[in-house]
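**Q**
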Amino acid sequence: MPDLELASRRLGSGPPLMVVLQLDRDGWAPVLERLAREHEVVAVDLPGFGDSPSLPEGTTPTVEALAAAVAEWLPGAGLTRPPVVGNSLGGAVALELARSGAVGSAVTLSPIGLWTRPEAAYALGSLRVARTMARACAERPHWIAGHPVGRTVAFWQLAARPWRIPEAAAAGALRNLARSPGFEPTQRAVRAYRLRAFTPEVPVTVGWGTRDLMTPPHQALRAARLLPGARHVSLRGCGHSPMSDDPERVARVVLDTVSG
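Terminal number for the sequence shown in the numbering used here: 283, no gaps in between.
1. Between Asp-68 and chain B, is the shortest Cβ-Cβ distance under 8 angstroms, so that the two count as touching?
2. Contact defined as beta carbons within less than 8 angstroms: I believe Val-43 pairs with Ala-117. What is the distance between those atoms, to the nearest angstrom?
3. To the nearest angstrom, report how far apart Ala-212 and Pro-106 are at their CA atoms.
4. To the nearest angstrom, how far is it from the Cα of Leu-278 to the Cα of His-255?
5. Quick check on Glu-207: buried or exposed, where buried means 16 or more other Cβ atoms within 10 Å of its Cβ?
6. So Val-281 is in the beta strand (DSSP E); what residue range does that whole segment cover?
7. Go ahead and label Val-172 buried or exposed: buried means 16 or more other beta carbons lie within 10 angstroms of its beta carbon, across all protein chains shown.
8. Since Leu-69 and Leu-89 should fall inside the 8 angstroms C-beta cutoff, what is the C-beta to C-beta distance between them, to a whole number of angstroms?
9. Three-state secondary structure (DSSP) at Trp-51?
10. Answer yes if the segment 128–148 comes into contact with the segment 159–167, meaning at least three C-beta pairs across the two stretches below 8 angstroms, and no otherwise.
11. Is Pro-270 near Pro-53, with beta carbons less than 8 angstroms apart?
12. On the three-pair Cβ rule with 8 angstroms, is the segment 76–90 touching the segment 113–131?
13. Kindly indicate which residue of Ser-75, Gly-35 and Glu-56 has the alpha-carbon position closest to the one of Leu-46.
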């Protein structure tokens with residue numbers, strides 16, 4: 024696979040810390056601000072999401088292929104086995120990077136791949152509904168993002184308290200959801216993804232929100248069986264994307280893992 028010029032931005036200073044982003048990139052802002060107090064945070068858009076190009080034509084965007092693209096991008100970005108953090112699809116990519124030894128540690132928040140076939144259909148189906156809504160208001164995202172009820176309708180499956188998501192972050196998430204070219208092909212590719220058991224050779228933390236409606240918390244029990252060497256934490260009161268629900272708690276989980 025030829026190297027991709029993935030879109031990324033850096034903030035803060037200190038040892039590097041990579042955060043892989045997809046549909047959730049605007050929701051990471053409060054966590055990135057906290058992490059940047061101690062690290063140079065490198066926030067990278069996965070292929071086909073945000074401002075990153077899709078994988079080359081003919082390459083199916085499986086979780087493994089996305090992880091391989093990020094791993095190939097690392098040397099050009101001046102990164103050598105950095106710690107990595109990701110949520111949902113990004114969390115599964117983080118785990119595959121840990122499996123391959125491309126990173127020095129991994130924090131994964133509600134990763135996909137611990138689901139059954141019906142659970143996968145439900146989670147991906149709810150995102151397709153959200154995508155339809157986002158594309159319908161693509162030119163005026165503030166119609167939804169500007170009101171607590173609109174934010175609740177749009178993000179109920181992602182956040183425990185979606186009405187608290189800042190308007191700017193909600194509008195950005197809707198724009199990203201509407202325009203990401205990798206959405207449909209990646210959805211088709213990851214439906215069959217199942218996390219395979221492995222014993223991590225680097226520190227791995229798996230965090231799961233107790234109010235996750237997309238990948239319900241019982242999936243965390245499957246993660247514990249498949250990743251016996253990882254640290255497993257419960258994020259009380261948080262949803263599938265816990266960054267907006269409790270950014271301080273998420274940042275602390277990340278920093279605790281990175282500090283070893």
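Every residue gets a Cβ at the ideal spot worked out from N, C-alpha and C, and that includes glycine.
From a predicted model like this one, the values you see are computed outputs, not experimental measurements.
**A** Once the coordinates are examined:
1. In the displayed structure, chain B is absent; only one protein chain is listed.
2. 6 angstroms
3. 26 angstroms
4. Rounded to the nearest angstrom, the gap between the Cα atoms of Leu-278 and His-255 is 15 angstroms.
5. exposed
6. Looking at the DSSP string, Val-281 is not in any beta strand (DSSP E); the run it does join, the alpha helix (DSSP H), is 270–282.
7. exposed
8. 6 angstroms
9. Trp-51 falls in the helix class under three-state DSSP.
10. no
11. yes
12. Contact between the segment 76–90 and the segment 113–131 is present, with at least three C-beta pairs closer than 8 angstroms.
13. Ser-75
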